[in-house]
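This note's numbering puts the first residue of the sequence shown at 7, with every later residue one more than the last. Structure first, then comments.
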Amino acid sequence: MDTTTAPAPAGTAPAAAKRLPLLDVLRGVAILGTLGTNVWLFAAAHGEAGPLLGYGIVGEGPLGAAFELLANGKFLSMLTVLFGVGLAIQYRSAERKGRRWPGRYHWRALFLFAEGTIHFVLLFAWDVLMGYAVTAITVAWLLKRSERAQRAVMWTALGVHLAVIALITAGSVTGPGNDPAGNAEVAALYADGSWLDQVRFRLDHMLVFRIEPIITFPLLVFLFLLGVRLFRAGAFGADDAGRRIRARLTAWGLGAGLPLNAAVMLLPDDYMFVERYVVAPIVMLGYIGLVGLLVERVRRGPVTASLESLGRTALSGYILQNLIASIVCYGWGLGLAAEYGTEAWFAPALWLGISAFLLAGSWLWLRRFTNGPAEALQKAVLH
Numbered sequence: 007m008d009t010t011t012a013p014a015p016a017g018t019a020p021a022a023a024k025r026l027p028l029l030d031v032l033r034g035v036a037i038l039g040t041l042g043t044n045v046w047l048f049a050a051a052h053g054e055a056g057p058l059l060g061y062g063i064v065g066e067g068p069l070g071a072a073f074e075l076l077a078n079g080k081f082l083s084m085l086t087v088l089f090g091v092g093l094a095i096q097y098r099s100a101e102r103k104g105r106r107w108p109g110r111y112h113w114r115a116l117f118l119f120a121e122g123t124i125h126f127v128l129l130f131a132w133d134v135l136m137g138y139a140v141t142a143i144t145v146a147w148l149l150k151r152s153e154r155a156q157r158a159v160m161w162t163a164l165g166v167h168l169a170v171i172a173l174i175t176a177g178s179v180t181g182p183g184n185d186p187a188g189n190a191e192v193a194a195l196y197a198d199g200s201w202l203d204q205v206r207f208r209l210d211h212m213l214v215f216r217i218e219p220i221i222t223f224p225l226l227v228f229l230f231l232l233g234v235r236l237f238r239a240g241a242f243g244a245d246d247a248g249r250r251i252r253a254r255l256t257a258w259g260l261g262a263g264l265p266l267n268a269a270v271m272l273l274p275d276d277y278m279f280v281e282r283y284v285v286a287p288i289v290m291l292g293y294i295g296l297v298g299l300l301v302e303r304v305r306r307g308p309v310t311a312s313l314e315s316l317g318r319t320a321l322s323g324y325i326l327q328n329l330i331a332s333i334v335c336y337g338w339g340l341g342l343a344a345e346y347g348t349e350a351w352f353a354p355a356l357w358l359g360i361s362a363f364l365l366a367g368s369w370l371w372l373r374r375f376t377n378g379p380a381e382a383l384q385k386a387v388l389h
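This is the structure we're talking about:
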């Protein structure tokens, strides 16, 4: 999750001075926002298997509805766009240095896929890193093609994605309801099962747990390329052009996206795919613009500094948040989900506690170290 611009040539300012602070803040926000959706899976009776059994991604009640409106799918889309931005930055750096592209980037993507595979097997069934790695390899090759070819692939991918979601939604509306068979066994697995039992469960159901990045691959390609286009257009810069782009993103993303999202939430659960994979990316663009507006107008303080730190250690933060939530919620850890998971306050309180830990921890970590643990491991292996 590289957030730097291209390293400066010899004799100019060091690379650290070339960072785009807004990108670091956005990545920090995306990590906390992704947790805002995933935390409900950890807190639920059926854990990460809940969506496969027909249960909603976020909980019921006013707090669940608020998290669904504000978080569900939005920050996953933001993280995807920011991966595309990072890819564009690395491509620009390779161009400036005259390096062959994709060159060694394939190794970076393969290492990310390996990290995602380990993360999926050992910790969290809905890992995003594996899908990002495959998409990154695909889009990396596209960056060598003309702007016209990239636009054609980008909009074709969006069209394919919308068609796929339409077919899935139609099948969900007309298909049979949820079959409750086996639900009790799954609930017992997360309430009382061992860590190894959960690992076996993920491996036994690997294909269905990996269905999200497979189905949404066209969306991932579109959002990666959207991130590339936004970066090249200067959407994250501190100049007037960047401000104008972010103002338009805020107006359209929030002005149209949030009311549309609220309307879709009133529909039956069969339309959940439309909400998460069609409407959420629209709202996400508004969030990018809004965060940019706040970063410009709010005086830099501890919160902004902590978000920047979390953004610079985003990969470590993503893995760590899932590890902490697993320990707190599942039976092989503290098992608090079985005891408090039905309480309306539990998931929001867990999100708040983990978020505070990540913000403080990343800030303290970077006071002593240059990179996060996962980022340092990647750098050590690939350089």
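All C-beta atoms in this analysis are idealised placements derived from N, C-alpha and C, irrespective of residue type, glycine included. For clarity, every value in this text was computed on a predicted model and none was experimentally measured.
1) If you run the structure through DSSP and keep just helix, strand and coil, what is F73?
2) Are the beta-carbon atoms belonging to T144 and M136 less than 8 Å from one another?
3) Kindly indicate the opening and closing residues of the alpha helix (DSSP H) around F242.
4) Contact between the region 25-39 and the region 313-320: three or more CB pairs below 8 Å?
5) Could you please give the first and the last residue of the uninterrupted alpha helix (DSSP H) stretch that includes R206?
6) For a test of the three-state rule: what should DSSP assign to H389, helix, strand or coil?
7) Which complete alpha helix (DSSP H) runs does the region 287-356 hold, if anything under 4 residues is left out?
8) Assuming V140 and L209 form a contact by the criterion Cβ under 8 Å, report the distance between their Cβ atoms to the nearest whole angstrom.
9) Can you give me the Cβ contacts of G263 inside the same chain, cut-off strictly under 6 Å, excluding the 5 residues immediately before and after it?
10) Just to confirm before moving on: does the CB-CB distance between N267 and L75 stay below 8 Å?
11) Enumerate in chain order the residues of its own chain whose CB-to-CB distance from F279 is below 8 Å, with the five nearest sequence positions on each side excluded.
12) Would you give the residue range spanned by the alpha helix (DSSP H) that Y97 belongs to?
13) With distances taken Cα to Cα, identify the nearest neighbour of P224 among R102, V284, L370 and G367.
14) DSSP three-state call for A131: helix, strand or coil?
15) Should the region 329-337 be called in touch with the region 35-55, which here means at least 3 C-beta pairs below 8 Å?
16) Is it right to say L273 is buried, meaning 16 or more other beta carbons lie within 10 angstroms of its own, or is it exposed?
17) In angstroms with no decimal places, state the Cα-to-Cα distance between E66 and R282.
18) Roughly how many angstroms lie between the CA atoms of F242 and A169, to the nearest whole one?
19) Once the 5 residues before and after E381 are set aside, which same chain residues still bring their CB inside 7 Å of it?
20) For L372, collect the residues of the same chain with a Cβ closer than 6 Å to its Cβ; drop the 5 residues on either side in sequence, then sort them by chain order.
21) Report the CB separation of F117 from Q384 in whole angstroms; it is logged as a contact under 8 Å.
22) In or out: W46 buried (at least 16 other Cβ within 10 Å) or exposed?
23) Taking the straight line between their C-alpha atoms, what separation do you get for W369 and Y61?
24) Evaluate contact between the region 243-259 and the region 295-306, counting only Cβ atoms and requiring at least three cross-stretch pairs below 8 Å.
25) Tell me the rounded alpha-carbon separation between P27 and H125.
26) By the DSSP assignment, the alpha helix (DSSP H) with H167 in it spans what residues?
27) Please return the same chain residues whose Cβ sits closer than 6 Å to the Cβ of A77, not counting the five positions on each side in sequence.
28) How long is the line joining the alpha carbons of L195 and F215, rounded to whole angstroms?
29) Straight-line CA distance for R157 to A344?
30) Which of helix, strand or coil does DSSP assign to W107?
31) Does the ligand GDP have even one heavy atom less than 7 Å from the beta-carbon of G298?
32) Is the CB-CB distance between A244 and G337 below 8 Å?
33) Report all residues from its chain with a CB closer than 6 Å to the CB of L149; omit the five preceding and five following residues, and keep chain order.
34) Alpha carbon to alpha carbon, how far is H389 from A100?
35) On the criterion of 16 or more Cβ atoms from any shown chain inside 10 Å, does T222 qualify as buried, or is it exposed?
Working from what's here:
1) Locating residue 73 in the sequence shown gives position 67, where the first residue counts as 1. F73: helix per DSSP, three-state reduction.
2) Numbered from its first residue, the sequence shown carries residue 144 at position 138. Numbered from its first residue, the sequence shown carries residue 136 at position 130. No. Outside cutoff.
3) Numbered from its first residue, the sequence shown carries residue 242 at position 236. Note, F242: premise wrong, no alpha helix (DSSP H); not H, not E.
4) yes
5) Position 200 of the sequence shown, counted from the start, is the residue given in the question as residue 206. Taken as a continuous stretch (DSSP letters only), the alpha helix (DSSP H) holding R206 covers W201 to D210.
6) The residue given as residue 389 occupies position 383 in the sequence shown. The answer is coil: DSSP assigns H389 none of H, G, I, E or B.
7) 308-318, 320-335 and 342-346
8) What you label residue 140 is simply residue 134 of the sequence shown in a count that begins at 1. What you label residue 209 is simply residue 203 of the sequence shown in a count that begins at 1. About 19 Å; that fails the 8 Å criterion.
9) Position 257 of the sequence shown, counted from the start, is the residue given in the question as residue 263. Counting only Cβ-Cβ distances below 6 Å, and skipping sequence neighbours, we find I288, V289 and G292.
10) In the sequence shown, counting from the first residue as 1, residue 267 sits at position 261. In the sequence shown, counting from the first residue as 1, residue 75 sits at position 69. Yes, these two residues count as a Cβ contact at 8 Å.
11) Translated into positions along the sequence shown, residue 279 becomes position 273. Taken in chain order, the residues that qualify are I171, I174, T175 and S178.
12) Along the sequence shown, read from residue 1 onward, the residue named residue 97 stands at position 91. Run containing Y97: K80 to K103, per the alpha helix (DSSP H) assignment.
13) Taking the first residue of the sequence shown as position 1, residue 224 is located at position 218. Per the Cα distances, V284.
14) Translated into the one-based positions of the sequence shown, residue 131 becomes position 125. Coil, per DSSP.
15) yes
16) The residue given as residue 273 occupies position 267 in the sequence shown. That one is exposed.
17) The residue labelled residue 66 in the question sits at position 60 within the sequence shown. The residue labelled residue 282 in the question sits at position 276 within the sequence shown. The straight-line gap from Cα to Cα measures roughly 17 Å.
18) Translated into the one-based positions of the sequence shown, residue 242 becomes position 236. Translated into the one-based positions of the sequence shown, residue 169 becomes position 163. Straight-line Cα distance between these residues: approximately 31 Å.
19) Your numbering for residue 381 matches position 375 in the sequence shown. The answer, listed in chain order, is T319, L321 and S322.
20) Within the sequence shown, numbered from 1, the residue matching residue 372 stands at position 366. Excluding positions up to five away in sequence, the list reads S315.
21) Stepping through the sequence shown from its first residue, residue 117 is reached at position 111. Stepping through the sequence shown from its first residue, residue 384 is reached at position 378. So it is a contact: roughly 6 Å between Cβ atoms.
22) Locating residue 46 in the sequence shown gives position 40, counting from the first residue. Buried: at least 16 other Cβ atoms inside 10 Å.
23) As a working mapping, residue 369 is identified with position 363 in the sequence shown. As a working mapping, residue 61 is identified with position 55 in the sequence shown. Y61 has its alpha-carbon roughly 36 Å from the corresponding atom of W369.
24) yes
25) The count along the sequence shown starts at 1 and reaches residue 27 at position 21. The count along the sequence shown starts at 1 and reaches residue 125 at position 119. Straight-line Cα distance between these residues: approximately 28 Å.
26) Within the sequence shown, numbered from 1, the residue matching residue 167 stands at position 161. Looking at the DSSP string, the run of the alpha helix (DSSP H) that includes H167 is E153 to T180.
27) Working through the sequence shown from its first residue, we reach residue 77 at position 71. These residues qualify, in order along the chain: G39, G42 and T43.
28) Within the sequence shown, residue 195 is the residue found at index 189, counting from 1. Within the sequence shown, residue 215 is the residue found at index 209, counting from 1. Straight-line Cα distance between these residues: approximately 16 Å.
29) Counting from one through the sequence shown, the residue named residue 157 turns up at place 151. Counting from one through the sequence shown, the residue named residue 344 turns up at place 338. Those two C-alpha atoms are separated by around 48 Å.
30) Here residue 107 is taken as the residue at index 101 of the sequence shown, counted from 1. W107: coil per DSSP, three-state reduction.
31) With respect to the ligand GDP, the structure shown offers nothing to examine, as it has no ligands at all.
32) In the sequence shown, residue 244 corresponds to position 238, counting from 1. In the sequence shown, residue 337 corresponds to position 331, counting from 1. Taking 8 Å as the Cβ cut-off, A244 and G337 do not qualify as a contacting pair.
33) Indexing the sequence shown from 1 puts residue 149 at position 143. Around L149: Y97.
34) Your numbering for residue 389 matches position 383 in the sequence shown. Your numbering for residue 100 matches position 94 in the sequence shown. H389 and A100 have their C-alpha atoms roughly 15 Å apart.
35) Against the sequence shown, residue 222 aligns to sequence position 216. Buried, since its Cβ has 16 or more Cβ neighbours within 10 Å.
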